[in-house]
Amino acid sequence: MQPLFRLFRYAAPYRGRLAAAFVAMLFYAAGSAALAYLIKPIIDKVLPSREDLQITAVAIIAAYVCKGLGSYFSEYLMADVGQRVVTDLRNLLYHHVLDQSATFFKQRTTGQLMSRLTNDVGQVQRAVSETIADLIRESVALAGYAALLFYYDYGLALVCMTGAPLVLYPLVRLGQRLRRTTRLSQEALEHMSHVSAEAFTGHRIVKAFGAETREAERFGRAAFRLYRANMRVTRVLSILPPLMELLGGVGIVAALWYGSREIVSGRLTTGDFASFVAALFLMYGPAKKLSRVNASIQQAVASSERIFELLDTHSEVIEAPDAIELRKPPDAIEFRHVRFGYDDARHRPILKDVTLTVQAGQMIAIVGQSGAGKTTLVNLLPRFYDVTDGAILIDGVDIRRVTLKSLRSQIGLVTQETVLFDDTVANNIAYAAPGASIVEIEAAARAAHAHEFISAMPNGYASKIAERGQRLSGGQRQRLAIARALLRNAPILILDEATSSLDTESELLVQDALANLMLNRTSFVIAHRLSTVRRADLIIVLEAGEIVEMGRHDELLARPEGAYARLHALQLLGMKRDEVTPAR
Ligand SMILES: Nc1ncnc2c1ncn2[C@@H]1O[C@H](COP(=O)(O)OP(=O)(O)O)[C@@H](O)[C@H]1O
Ligand SMILES: [Mg+2]
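When we follow the working numbering, the leftmost residue of the sequence shown carries the number 184, and every step to the right adds one.
Structure representation (structure tokens):
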């Protein structure tokens, strides 16, 4: 029940609406009880002698209006509160998820996270708006009818209620079962969402390798799992109404048995008895709804547990409570005995004892074979991950002691995989600096040699980039990413194979532009091409997470047996291959 109380806390800001909804429910209950009450005068007076016909007619209409208005407003207000609570919860969850570290996103897939955000929150929403409304309104109605029963004849009422305790135990047990099965169902839904998201994202690979049938089968299995889980929920849910109906039957039999005796002995009029039985019948509706309320609440609890699980996950990259602002551009960046292992393999270090100092304005090139740990090394600087051991210091301050925002605001980043958003070209570049003027955007694009192809697009800078940037070539996408990083105008620039998709000619042009921009910036450049690396103030050769060589281009080349010289020799072969590749 604890998740439920936590949910209620999210409803606290909407107290006013809840109170109004409650008042509307009282109207609904009063109208319902009045209708049951009116049966007595109808049978005892109106039908035999047309006495009080008009006033009774007015009363019936008034009761319906009262009940109807109460029903409408309580429904509307409760739905409103439910939707508001759920919207708040969604926004909170979304923000929370976005704040998580890279590790968090690696452990969960997009499909899974989307499922929590849509399906689980949706399940909670149904519970909050429909169920809570039902719970309150039907309880009030039930209490009204019960009061009426006791008012007529409390002996009779007691007799009818004898069955009620019997049904409580199965209700509670079924509720628990429902919570488990709902969880299974939501998990199956999440799995299905994950399977489909994966295939849609990788649709080209799926097609290229003719794996449509295999993927469809995988989806089929996920869908079947969901079907089974849903049927388990249905099996539990469908027991409830017959159970409640049976209870009603028992009550009526009891009423007949006891009531007929009372009528024969003259202690009860037929009108009293008819009114009584009518109230009993009317009770059946709320009782049935209430039996489902518990069910929905259990379902909501199952889903909110999954939501809170996510909300309570805090990634390991957290800001120190007394974090300080990194105000000025750094003078020196130091990696001090940095060790790092991804948390699923902490025993297998990816970086082993990396020590290095970079002065402001320097360009550092990081070279090494694929898998050596180059990307990992630069990812530590914006704190996508925290070092396992050792420290990274900016002007002598451990980066774990500064605010994430101020740290990251110092960094312009071009990642290995280019990420573009479904937006205009201009907005994609301005992503780094919202509010940048078109002049600034264009300047950045020119520097990244992107201006030419952007101008050639039908709408220029206002052209939309289709989802995932599929209307652009790899090289064009990279140039947009570079323009974006340049517009950021941050003192530290990280280029992770930022020019790998460019042909040699464009690369040389972009290199030139980058060289100018790097003049008064500290840059970390991961590159395979020699032309990029040659210019660096410091070249670091990484091999299996260790710095095996460090120095300037000519210094390193002077060691013919060195790792850099070896890479360089391979590179020369690569250069030749580039020359025969036609430019894009
Ligand atoms: N998110 C990750 N989780 C676990 N291991 C990873 C992760 N990213 C990379 N690795 C591992 O770390 C090593 C270095 O990867 P990376 O830094 O990407 O190399 P490079 O950029 O030099 O090609 C590789 O062995 C890779 O398998
Ligand atoms: Mg890499």
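All C-beta atoms in this analysis are idealised placements derived from N, C-alpha and C, irrespective of residue type, glycine included.
Of the candidates 507, 444, 424, 516, 424 places its Cα closest to the Cα of residue 472. Note: residue 647 is bridge-paired with 607 in the DSSP secondary-structure output. The nearest non-hydrogen atom of ligand 2 is less than 8 Å from the C-beta of residue 679. The beta carbon of residue 552 sits closer than 8 Å to at least one heavy atom of ligand 1. Annotation for residue 317: 472, 476 place their beta carbon closer than 6 Å to its own, counting only its chain and skipping 5 residues before and after.
With contacts defined by Cβ atoms closer than 9 Å, residue 683 and residue 661 form a contacting pair. The region 681-698 makes no contact with the region 517-533: fewer than 3 CB pairs, one atom from each, lie closer than 8 Å. Closest in alpha carbon position to residue 456, among 254, 730, 709, 227, is 227.
Annotated three-state conformation of residue 733 is strand, per DSSP.
When Cβ pairs closer than 8 Å are counted between the two stretches, the region 699-714 is seen not to touch the region 634-652, the count staying below three.
CA-to-CA, the gap between residue 622 and residue 615 works out to about 15 Å. When rounded, the separation of the alpha-carbon atoms in residue 495 and residue 599 is 31 Å. For residue 595, DSSP records a beta bridge to 676. Annotation: residue 709 to residue 559 spans about 11 Å, alpha carbon to alpha carbon.
Within the region 379-466, the runs of alpha helix (DSSP H) at least 4 residues long that lie entirely inside it are, in chain order, 386-391, 395-447. By the CB criterion at 9 Å, residue 320 and residue 257 fall inside the cutoff. A distance criterion of 8 Å places the beta-carbon of residue 599 in contact range of ligand 2, judged by its closest non-hydrogen atom.
Set against 8 Å, the gap from the CB of residue 557 to the closest heavy atom of ligand 2 is smaller. Out of 315, 274, 291, 283, the CA that lies nearest to the CA of residue 301 is found in 274.
Between ligand 1 and the CB of residue 286, the shortest heavy atom gap is smaller than 8 Å. Relative to residue 202, the option among 260, 594, 553, 192 whose CA is nearest is 260.
DSSP places residue 520 in no alpha helix (DSSP H) but in the uninterrupted beta strand (DSSP E) bounded by 515-523. DSSP places residue 276 inside the alpha helix (DSSP H), whose first and last residues are 236-281. If you check the C-beta of residue 582 against ligand 2, you find no heavy atom less than 8 Å away. Residue burial is scored here from C-beta neighbours: residue 458 has at least 16 other C-beta atoms within 10 angstroms and is therefore classed as buried. By the C-beta density criterion, residue 347 is exposed, having fewer than 16 other C-beta atoms within 10 angstroms.
Assignment of beta-bridge partners to residue 490 by DSSP yields no partner. For ligand 2, a non-hydrogen atom lies closer than 8 Å to the CB of residue 709. Setting aside the 5 residues that flank it on each side, residue 751 is surrounded in the same chain by 713, 740, each with a C-beta closer than 7 Å to its C-beta; the list follows chain order.
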